[in-house]
Each structure stands twice: as structure tokens, then as C-alpha cells.
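Residue numbering for the sequence shown follows the working numbering, beginning at 20 and increasing consecutively. To start, the structure itself, in C-alpha cells.
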Amino acid sequence: MAADTDDLSNQAPPYADVDLFGSDLPLQEAVAANGAGAEAAALAAFGRHWGTAAKFEQARLANDNPPVLRGDVIDFHPAYHGFMADSVKVGLHASTWRADATAAPAPAEVARAARYLMVAQVENGHMCPITMTRAAVAALAVEPALATALMPKIGSRDYDPSFRPWPQKSGMTVGMGMTEKQGGTDVRRNSTRADPAGDHHRITGHKWFMSAPMCDAFLVLAQAPSGLSCFFLPRFRPDGAVNGLNFLRLKDKLGNRSNASSEVEFTDAYALRVGEEGRGIRTILQMVQLTRLDCAISSAGMMRAALARALHNSRHRSVFQKRLIDQPMMRAVLADLALEVEGAVAAVLRLCRSFDLAASDPMEAARARLLTPTIKYWVCKTAPALIYEAMECLGGNGYVEDYVLARLYREAPVNAIWEGSGNVMGLDVLRAIGRDGEASRVIIEALLRETRDVPGVGEAVTRALKHLDDAQAEAQARGAVEALAHLAATAALAASAPARLAEAFARTRLVEGRGGIFGASRLGDDEITTLIERALLT
Ligand SMILES: Cc1cc2nc3c(=O)[nH]c(=O)nc-3n(C[C@H](O)[C@H](O)[C@H](O)COP(=O)(O)OP(=O)(O)OC[C@H]3O[C@@H](n4cnc5c(N)ncnc54)[C@H](O)[C@@H]3O)c2cc1C
20 MAADTDDLSN QAPPYADVDL FGSDLPLQEA VAANGAGAEA AALAAFGRHW
70 GTAAKFEQAR LANDNPPVLR GDVIDFHPAY HGFMADSVKV GLHASTWRAD
120 ATAAPAPAEV ARAARYLMVA QVENGHMCPI TMTRAAVAAL AVEPALATAL
170 MPKIGSRDYD PSFRPWPQKS GMTVGMGMTE KQGGTDVRRN STRADPAGDH
220 HRITGHKWFM SAPMCDAFLV LAQAPSGLSC FFLPRFRPDG AVNGLNFLRL
270 KDKLGNRSNA SSEVEFTDAY ALRVGEEGRG IRTILQMVQL TRLDCAISSA
320 GMMRAALARA LHNSRHRSVF QKRLIDQPMM RAVLADLALE VEGAVAAVLR
370 LCRSFDLAAS DPMEAARARL LTPTIKYWVC KTAPALIYEA MECLGGNGYV
420 EDYVLARLYR EAPVNAIWEG SGNVMGLDVL RAIGRDGEAS RVIIEALLRE
470 TRDVPGVGEA VTRALKHLDD AQAEAQARGA VEALAHLAAT AALAASAPAR
520 LAEAFARTRL VEGRGGIFGA SRLGDDEITT LIERALLT
């Protein structure tokens, strides 16, 4: 009977009550290839939990009812708190750390990333404090006494949104304040001051962007007498008084609407230094490397969400007596989108594997260093274009709020902008190569070997990378970084997906190039069929 109704209205049933893991073969394969196969059953339960109609509705509510600033506190819709509680319960904010703030054993990163990628298909705004909390531990670890005091609260699986000093709470979240009016990328221009005051510092100044201002503490950069330094700045002073933070307003943003992003002033705010004085950038970069990784995972998740909806609609919608999924040009579009998502998912999970292995394998640590900005650049900048094309697959419905593509489209650009915008990622790749050219060479050779000799890849990569160490390096960096990302994705696909799909990815992205618009790649009929079938299992 349901089929009759569908025929009558020719509208797809809602995309809801799906198993976000069980329906996604490329994700399952990438999880298994990166050492987390034993998690499959738990991930399937997670995928069913997050793919319910109720969860999608809660996401709509959290974004349609954005947070409101009320003095020292932020009022969030209950749906937002529900997402926070759910994500904290499974440890998305802390599961990669042991109680002593050292890295949890493999496959902690890959297992978390698989979950994070699924949550990103449902609600994105709450993931900002989740990401910052887990990433902050990497910076806090340089102060063992402070980290030891904080870890019982940070590692807790209780979400405690109350406005109280962190030692009194059952769990805590941590934000980050670097960006000032006169300098975001260029944090050396930060003017916020840190004055020594005995066992602590007093911070005075402002931050132009400080997201998740309801966090219990923030890592902030401020100018100490010996230069820019990193500080732990809690919401309350040790005597229990509210600390000197004055939130001026919440930003009115394109997307990311369930998340609060504030402008804030500090007046003699109590803070503890983290890491050496004058080495603040180096300290906070420990955190930023992980927030960049999460940007890439989250963009891959949003791309997946858009693809799944495009496929779902195309299977249910008929045009000219034929389902869209059977129309040759639509198949070419869907397959090209699916191939991009396969590459992105494989690349980010393989990158997470490098984080899992970094403590015991210096080459994996170097790989994480080189490929984090590379993959953040490519995945986060591809996501808006891919989501736009998926939106068009739904025709007019794609432009309407009920079908989620509109929200994803507004959300996607922020991952490319924050935590280092596109050009900054390009500069960071150049920096990694400049500092350790030998390690970069070894990594690129390993990636080429891992692609298993797809014809033309070696030449394409050599061509793209040839200016990286000459005077034109900066002007040529975008093309080179994209090629490096495509190489990393091909290598990751070669390890997790059928060989002919790794070959198809390399051929259409690296060797031939696919043009600026999705759907124009030269894919064979069998490749198209395979990609479409694998992408959304029913
Ligand atoms: C919603 C939202 C939330 C945010 N939350 C936080 C937060 O919680 N904490 C925080 O600290 N910050 C936060 N930010 C700030 C964000 O990290 C910065 O906006 C971002 O890093 C860019 O810095 P900027 O805005 O100062 O731009 P600019 O530094 O002015 O950069 C402008 C452009 O110039 C490019 N560029 C910079 N240098 C070069 C160069 N040498 N060569 C070529 N191009 C270059 C950049 O890539 C960018 O495209 C948030 C931003 C947004 C949008």
C-alpha cells in the first residue's frame, strides 16, 4: 500500500529511521581497514540510534531555536542539551584520552571518528564544544598537575550544563579563544594582555570570536611579559566569584545556528598559564591540530548526509516514466558524488589511523602532521560544492527547509573557515614540508606505493608538487595541496575499497581531472552502478 501512495504523490518518503552505519558500505569498509572492525556491532547500534526520525526532528528544533545570551549564561533549546548529553555519554568529547591525559590506545581515534561522522549527519552545532573539549586535552597535557585535576571532569560521561565552578560539577566542557578583531589568522597581533599576579595571571582584552561561551573554561592566547602565551581561563575564580568575562553579544551566523559564538571582553580575568611563557602558539597548536581533524571528519559526514538524501530521493522520484536513479545523467551525478564521499571518508579515517599510531610510530606522526591540513583543506572546501549538487538532485525540495539540504548547505562553509582557512592550510602544508622535507618525501613515496600503481598517478603528483620548494610555492600551493589530498584519498581507498574504485578516483581526480562541476567525470557504467549501490544499502 505504501508503494501506491508513493506512486500517487511521486514524492520520496521521509529519509528517517535509517541505520547510519549499516546503510553505508564505504564507511564500514574504512572502519575495518583502519583497525576498528571489532567495533562494527556497536557502531551499527549507534547508527540506528542517531538515524531515527526523532533525532532528525530534534536537530531541526535545535537549529530553528538558536541560543540566546542572558548576561552570564546562554539559554539553549532543550534539543541542544539532548544532543550534548548523548554525545558526552559515548565520549565523543574525551574517549581518545586516558585518565592521565595521554592518548588512549588504537583504535580509539578511528572508533570515535566513525561515531563523529555519523553525528555530523544529524546535528552539527553541538559538535563545536564536543570537539574543543576533546582537543583541549592535547594542550593541557603540557601541565600535568592541571591536567590531572581536570581530567576527572573532562573525561566524565555526565553532561552537566549548570553554571557553577568546574570543581563542583559532574562534567565540564572547554572552549578556545584566539581570534581578535585585529588578527585571527595572524594571532601574533593579539593585544589581549596577561599580567602576572602571584600564582596566576590577570587577563584583560577581548576575543572577536569565542564559540560555545557556556563552556566551563577556555584556552585563550594573551600577551604575557615574554610574549604570546596560552592560558586556562575558567568561568569562576577559585573563591567562587564569577570570573571577569563579559559577553557582548552572540554572532548572527549563516549556519551553525544551534551553536553559540560570542564576542567577549575580559577584565582582570583569573587565568593559569599553560605551557611556557612566550610559546603560546606552539602550545595551542596541539589543540588546533585536533580541531582541524574534526573539521575534516565533520565535513565528510555532512557530505555523506547530503549524498544519502540525494540517493534516497532519486530512488523514489520518477520523471518521464523513469525513476531518477535510472536516468543516465542523474546516475553520472550521483556516482560522481558517491566517489567523492568515498574518497573523503576513506581519507579521514586513514588519517585518524595515523593519530592512533602516532605515539609509537614517528612516520605516522609525520603523516598526521602533513596530511591534517592537506585533508582539512580538501574535504572542507569540497563539502559546500558537493552539498549544493546533492541539493539540486532533490529539485525544488532541496531548496526547502523540510529536506535538510538547505541547512547542510549553510552549515558547510564554516569548517573551511575556522581552525585555519583554506589558504592557511596551504601555508601549513608548505611549513610542514619546509621543516621536514625528508619526512614529506618519504610519506609521498609511501602514498604512491599504497595507490598500487594506478597509471598516471605518479606523473600527476610530480607535476602538481613540482613548485612546492621554489619561489612560486605559495601561489601554486592550492593545486599542490589538492593533488596531495587526492593522492592520500586514493591510497586510503586502495586499502579499504574495491581496487577499481581507487583507480576510478585517481583517474577522474588526479590523472584526467573532472572539471569544476560534479557529474562530468568519465566513469564507466559498471563503476557508476557499483558506486551507487554501495553508497546507500537498503
Ligand atoms: C562561526 C565561527 C565561530 C568561530 N569560533 C571561534 C572560536 O571559538 N575561537 C576562536 O579563536 N576563533 C573562532 N572563530 C574565528 C576563526 O577561527 C577565524 O575567523 C579564522 O581563523 C579566520 O581568521 P580571520 O577571521 O581573522 O580572517 P583573516 O585572518 O583576516 O583571513 C582572511 C582570509 O585571508 C586568508 N589568509 C590569511 N593569511 C594569508 C596569507 N598569508 N596568504 C594568503 N591568504 C591568507 C585566510 O585564509 C582567509 O581566507 C570562529 C569563526 C566563525 C566563523
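Note that CB positions come from ideal geometry on N, CA and C, so glycine has one too.
query, result
"For a test of the three-state rule: what should DSSP assign to S175, helix, strand or coil?", "coil"
"How do the region 277-293 and the region 160-176 stand: do at least 3 beta-carbon pairs fall below 8 Å, yes or no?", "yes"
"Return yes when the Cβ of F237 is within less than 8 Å of the Cβ of G194, no when it is not.", "yes"
"Considering only C-alpha positions, which residue in the set A504, A451, S230 is nearest to L466?", "A504"
"When DSSP labels each residue in this structure, what does Y289 get in the three-state scheme?", "strand"
"Measure how close the beta-carbons of T393 and R311 come, nearest whole angstrom, since I'm counting them as under 8 Å.", "No, T393 and R311 are not in contact; Cβ-Cβ is about 10 Å, not under 8 Å."
"Helix or strand or just coil, what does DSSP make of V156?", "helix"
"Within the region 281-364, note down every full alpha helix (DSSP H) run reaching 4 residues or more, in order along the chain.", "299-335"
"V448: which of V423, A104, N416, A502 sits nearest, CA to CA?", "A502"
"Determine contact between the region 399-419 and the region 312-331, defined as no fewer than three beta-carbon pairs at a distance below 8 Å.", "yes"
"Any heavy atom of ligand 1 within a distance shorter than 7 Å of the CB on N275?", "yes"
"If I measure Cβ to Cβ from A507 and keep anything under 8 Å in the same chain, skipping five residues before and after, which residues do I get?", "A366, R369, L370, L390, T393, I394, L466"
"CA-CA distance, L269 and I93?", "9 Å"
"If we ignore side chains and look at the alpha-carbon of each, how far apart do W397 and A325 end up?", "17 Å"
"What is the DSSP secondary structure of T548, reduced to helix, strand or coil?", "helix"
"Can you tell me the Cα-Cα spacing of H331 and T557, whole angstroms?", "10 Å"
"Between F250 and ligand 1, is there a pair consisting of the residue's CB and a ligand heavy atom that are separated by less than 7 Å?", "no"
"If you draw a straight line from the C-alpha of A357 to the C-alpha of E552, how long is it?", "10 Å"
"From A35 to H225, what does the alpha carbon distance come to, in whole angstroms?", "43 Å"
"Mark D345 as exposed unless 16 or more other C-beta atoms lie within 10 angstroms of its C-beta, in which case mark it buried.", "exposed"
"Using alpha carbons as the reference points, say which of I463, V360, V443 lies closest to A387.", "I463"
"Per DSSP, what kind of secondary structure is A127 in: helix, strand or coil?", "helix"
"Apart from the five residues just before and just after I547, which ones in its own chain have a Cβ nearer than 7 Å to its Cβ?", "R350, A351, A354"
"Sorted by chain position, which residues of the same chain lie with C-beta nearer than 6 Å to A499's C-beta, five sequence neighbours on each side aside?", "A483, L484, L487"
"Quick one: Cα of L159 to Cα of A132, how far?", "21 Å"
"CA-CA distance, P180 and F251?", "19 Å"
"Just checking, does the region 51-62 make contact with the region 118-134 on the three C-beta pairs under 8 Å criterion?", "yes"
"Using 8 Å as the threshold, is the region 81-92 in touch with the region 66-73, meaning 3 or more CB pairs across them?", "no"
"Start and end of the alpha helix (DSSP H) containing I452?", "441-454"
"So who's on the other strand from P215, going by DSSP bridges?", "H220"
"For the putative contact between M146 and V138, defined by C-beta atoms under 8 Å, what is the C-beta separation to the nearest angstrom?", "6 Å"
"Ends of the beta strand (DSSP E) at C249?", "246-253"
"Name the residue from A260, S333, M410, R276 whose alpha carbon lies nearest to the alpha carbon of M322.", "M410"
"Just list the beta strand (DSSP E) runs in the region 45-98, keeping only unbroken ones of 3 residues or longer that don't cross its boundaries, in chain order.", "87-89, 92-94"
"May I ask whether a heavy atom of ligand 1 can be found less than 7 Å away from the beta carbon of M229?", "yes"
"Along the chain, where does the beta strand (DSSP E) that runs through V239 open and close?", "236-243"
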